[in-house]
Amino acid sequence: MEMLSAPDNGRPTVVFLPGAGTIGRDYWNLHRRAAELTTSVIYDRAGTGDGTPAELPRTLTEVTDELRSVLRNVDGPYVLVGHSLGGYYARFYATRFPDDVAALLLLDPAHEDYNASMPAELQELWGNFDAGDAAAFLDDLPEEVIRLYRGLFARELADWPAEISEPLVDYHVGRRGLTIGVQEASNLDAIYAEMRAADPLPDVPVLILSSTQVDEFKTVVAGGVSGELLQAEIDAKFRLYNDVAAALPRGEARAVEGGHVTIAWRGEQAIVDAIAELTGA
1 MEMLSAPDNG RPTVVFLPGA GTIGRDYWNL HRRAAELTTS VIYDRAGTGD GTPAELPRTL
61 TEVTDELRSV LRNVDGPYVL VGHSLGGYYA RFYATRFPDD VAALLLLDPA HEDYNASMPA
121 ELQELWGNFD AGDAAAFLDD LPEEVIRLYR GLFARELADW PAEISEPLVD YHVGRRGLTI
181 GVQEASNLDA IYAEMRAADP LPDVPVLILS STQVDEFKTV VAGGVSGELL QAEIDAKFRL
241 YNDVAAALPR GEARAVEGGH VTIAWRGEQA IVDAIAELTG A
């Protein structure tokens, strides 16, 4: 865990919950700027990055138990910033420990109704997805694909200090970094069931930021899916997020720059503005 603190001002602590395949340092830019407003925390979940060893995948209960332990000496309440899979952990933590949570900021969050809200053609494509096959493919990527990924990450992080960006890029193009995302998300059916059985979210602000771009990472992993269909996914995603927000006492969805992978980098200012809003800065 890494914690940075602004002068004590009584504002909620910001805690970043990485998406599948990402680690705390992927949010270094946001962490640094959030710490100008309040206390900010990044960490690597067990089984990822520098986290303690753990068998993947894990349940929502296991991950949120770990998070409670990580935060045991960090003053709350917390604004939980959950990206992608991290959105599940943010929501589930809030249902289990509502008194600890001041607000949720969800960045392109995974959702149990996501697939069902998509065009039928995408649903059919995803229905044929096999996590085992994907992990095996990523475990033996051709060198030219690894070079491509390295270049994509390096361009996105070009303005970061080398001591932060270079180890981060190395992690993402290494065998472990390439495969952990698929491993973490390989129990989605169980996650869906666990989330649906959870208590309702507490009455706190919930702000959902939805990416609007088909970035280069998406183009690579989409494997020839048409640009038109990828745009249809973005449109359907934003409709879903608006529906989710409308069902909450204090929910809101907003469109921001960036793609699903790059939202934390390209959408930096919008995210920092949202953090300021939710912490009362």
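Each residue of the sequence shown is one higher than the one before, counting from 1 in UniProt numbering.
Even for Gly, the Cβ is constructed at its ideal location relative to N, Cα and C.
Per DSSP, the unbroken beta strand (DSSP E) holding Met3 starts and ends at Glu2 to Leu4.
Rounded to whole angstroms, the gap between the alpha carbons of Leu107 and His83 is 5 Å.
With contacts defined as CB atoms closer than 8 Å, Leu30 and Glu233 fail to qualify as a contacting pair. Looking at the DSSP output, Val81 shares a beta bridge with Phe16 and Leu105. The C-beta distance from Leu67 to Arg32 rounds to 21 Å, too long to meet the 8 Å contact threshold. With respect to Leu125, Val256 sits apart: the two C-beta atoms are not nearer than 8 Å.
The alpha-carbon of Val15 is positioned some 5 Å away from that of Leu80. Counting the other Cβ atoms within 10 Å of the Cβ of Ser40 gives 16 or more, which makes it buried. In the structure shown, the three-state DSSP call for Ile146 is helix. In terms of CA proximity to Ile263, Leu157 leads the group Leu157, Arg150, Pro142 and Ala102. Exclusion of the five residues before and after Arg254 leaves Leu209 as the residues of its chain whose Cβ lies within less than 6 Å of its Cβ. According to the DSSP assignment, Ala236 belongs to the alpha helix (DSSP H) that extends over Gly227 to Ala246. Under the 8 Å Cβ criterion, the stretch 171 to 183 counts as touching the stretch 137 to 153, having at least three qualifying pairs. Of Arg91, Asp75 and Val221, the smallest CA-CA separation from Leu207 is found for Arg91. Considered as a whole, the stretch 159 to 212 harbours 206 to 211 as its complete beta strand (DSSP E) runs of no fewer than 3 residues, in chain order. Bounds of the beta strand (DSSP E) holding Ser40 are Ser40 to Ile42. Taking all protein chains in view, the Cβ of Gly24 is crowded by 16 or more other Cβ atoms within 10 Å, so the residue is classified as buried.
The alpha carbon of Thr61 has as its nearest neighbour, out of Met195, Gly49, Ser211 and Gln123, the alpha carbon of Met195.
In the structure shown, the three-state DSSP call for Arg254 is strand. In the three-state DSSP reduction, Asn115 falls in the helix class (H, G or I).
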